[in-house]
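Structure first, commentary second.
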Amino acid sequence: MKSTTWTIPQQIAASLSLPLIVLILLGVVSVHNAANLLEISEELKQNYRVLSEIDELHGHFLDAETRQRGFVITGDAAFLEPYELALHALDGDYEELRKLTRSNRNAQDRLDRIRPLMREKREEMRLTIEQRRREGAEAAARMVADVRGQRIMDEIRTITAELRAEETRLLVAREAEASESERRLLATLTAGSVFTILVVAGIGFVIIRGINRRIHTATRRIESSATELQAAATQQAQGSKEQATTSSEVSTTMKELLSTSHQIAESTQRVTQIAAETASAARAGDDTVRRAREGIVAVERQVEKIVMHMIDFGKKSQQIGGILQIINELAEQTNILAINATIEAAGAGDAGRRFGVVADEIRKLADRVGGSTKEIRALIEEISAAANTTVIATETGSKAVDASARQFSEVAASFQQISELVSSTAEASREIELSTKQQATAVEQVNAALLDVARTARETEASSSVTLRTSSELATLSKDLVRLIQRPGAERAERA
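Counting along the sequence shown from 1, when you hit position 239 you're at 239 in the UniProt record's numbering, and nothing is skipped either side.
Structure (structure tokens):
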């Protein structure tokens, strides 16, 4: 089953989602409590308005009663205008109280009870004023002193006191409810804030710890890859040095082979000269034949030397091929390491971008080394082909020399065949000379190719030095990155 690894942005988004949900829930609860608190506040305002209207109603009753008594006592009509205004205000107070208490059934019942009392009291005060106007102050005073008017006013006071007590009770209850709602809102905000802080701190701690662990693992991998890359670069540099040394040795051998080829050419020229002298002095006898045979034997030895040198040349070519194989393997390993390093750098994000560029340059360098080794291998194969051709030609010359030796042995038995043998020897000498010239040309080409190989080896060595320096910088960079994300105590414990 494949495990799911969250990226750093996903972890941060997940860490913010839970506090966001908590804050949303906290906001919903807070809005609900605030709305409830506002509703209670409106109800409190209404309670205060009801109490105020009750006081207004009672005050207007008292004002009307006072103005009425003032008129009864003094007979001054100036008291009647405030009296009428107070009566008019009583109607407004009553209607306002009914609107404010429409949701309170008890208050509505009490207002229904007070309505006829208000009409009766108003009628009583009107009759008293009329009595004062018609019969004078004494008759009006008797009506004022009547207990019936006092009883009506007492009932009105009792009902308004009940209304005030009811509204006061509601006011106290709603104030307590408002305090409780305010306390709940404050407790919710405090608990939600503390919980959110704890959640954010806990999630932040977990995420930071996880990120540090992942970065620490990545840097350890980078450090390990840098160490491997450094070792590979060191090995490649050593291989390049060995390749350059071997190329120099092979070049020296090629120079010796070229010198030997010149010697062979000179020897073939001498053989040709000897053959000519043998043709002109064939009748001179066995002594001349013997000297010619000795010359052929010398040629045979030179041919054997050529064969030995060519065999050694073939071995050196195989050694060069083996060295090229090692270089190619080193280039492939470097390429693989560079690809791995590029992958690791991509996983490290912005911190590994510089390392990714270096790894890409290392990979390109490895590709160049691989291409160079292929070109060198092709040149070595051409050299080997030329060497094989030279060996074949040399073997042909050796066979010709053997034939010449047999022919000179036959000359010892019969001087009649000396001329034919000398002609064959001259022809073989010309073939050897031609083959030697071809060999010299091939050796010069091989020498030039080896010089190219040596130059490529030096370039590879320089590239290996750059790779080694880059891998060292990469290892240092990874260690610096580890020190950046590692706590001092953990670093000392790791060193211990």
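Note that CB positions come from ideal geometry on N, CA and C, so glycine has one too.
| Contact check, Ala341 vs Leu229 under 8 Å by CB: the rounded distance? | Indeed they touch by this definition, with Cβ atoms about 7 Å apart.
| message | Using only the alpha-carbon positions, how far apart do Asn212 and Ile197 sit? | response | Straight across, the Cα-Cα distance linking Asn212 with Ile197 is about 22 Å.
| Are the beta-carbon atoms belonging to Ser471 and Ala218 less than 7 Å from one another? | Taking 7 Å as the Cβ cut-off, Ser471 and Ala218 do not qualify as a contacting pair.
| Sequence-distant residues of the same chain with beta carbon closer than 7 Å to Ala232, five excluded per side | Excluding residues within five positions, the ones whose Cβ falls inside 7 Å are Leu330, Gln333, Thr334, Leu337.
| said: Measuring alpha carbon to alpha carbon, tell me which residue in Leu100, Ala403, Ile152 is nearest Pro116. | reply: Nearest C-alpha to Pro116: Ile152.
| request: Just mark Glu304 as buried or exposed, buried being the case when its beta carbon has 16 or more other beta carbons within 10 Å. | output: Exposed is the call here.
| If you scan the segment 310-386 from start to end, which runs of the beta strand (DSSP E) of 3 or more residues do you find wholly inside it? | Along the segment 310-386, the beta strand (DSSP E) does not occur as any fully enclosed run of 3 or more residues.
| Of the listed residues Leu468, Ala165, Ser30, nearest to Ser193 (C-alpha basis) | Of Leu468, Ala165, Ser30, the residue nearest in Cα terms is Ser30.
| Cβ of Ala86 within 7 Å of Cβ of Ala64? | Yes, these two residues count as a Cβ contact at 7 Å.
| said: For Asn106, report the span of its alpha helix (DSSP H) as first-last. | reply: That run of the alpha helix (DSSP H) goes 105-135.
| Span of the alpha helix (DSSP H), counted from its first residue to its last, around Ala86 | 80-100 is the span of the alpha helix (DSSP H), which, as asked, contains Ala86.
| request: Determine the burial state of Thr252: buried for a count of at least 16 other Cβ atoms within 10 Å of its Cβ, exposed for fewer. | output: It is exposed - the Cβ of Thr252 has fewer than 16 other Cβ atoms within 10 Å.
| How close, in whole Å, do the beta carbons of Ala386 and Ala442 come, if the pair is a contact with beta carbons under 8 Å? | Contact holds; Cβ gap of about 4 Å.
| Just how far apart, CA to CA, sit Ser48 and Glu96? | The residue you asked about is not Ser; residue 48 is Tyr in the sequence shown. Distance between Tyr48 and Glu96, taken at the CA atoms: about 13 Å.
| Going straight from the alpha carbon of Pro19 to that of Leu185, what length do you get? | A direct Cα-to-Cα measurement between Pro19 and Leu185 gives close to 19 Å.
| field | Segment contact, 8 Å Cβ cut-off, at least three pairs: the segment 52-71 with the segment 110-130 | value | Cβ pair count under 8 Å is three or more, so yes.
| task | Rounded to whole angstroms, what's the CA-CA distance from Arg113 to Glu123? Just pull it up for me. | result | A straight-line Cα-Cα distance of about 16 Å links Arg113 and Glu123.
| Going along the chain, which residues of its own chain have a beta-carbon closer than 8 Å to the beta-carbon of Val466, five neighbours each way excluded? | Leaving aside the five residues that flank Val466 on each side, the residues in its chain whose CB is nearer than 8 Å to its CB run, in chain order, Leu365.
| How long is the line joining the alpha carbons of Val28 and Ala187, rounded to whole angstroms? | Near 14 Å, if we compare the C-alpha coordinates of Ala187 and Val28.
| query | What's the C-alpha gap between Ala13 and Ile203? | reply | Approximately 11 Å, taken between the alpha carbons.
| C-alpha gap between Ala178 and Ile40, whole angstroms | Going from the Cα of Ala178 to the Cα of Ile40 covers about 6 Å.
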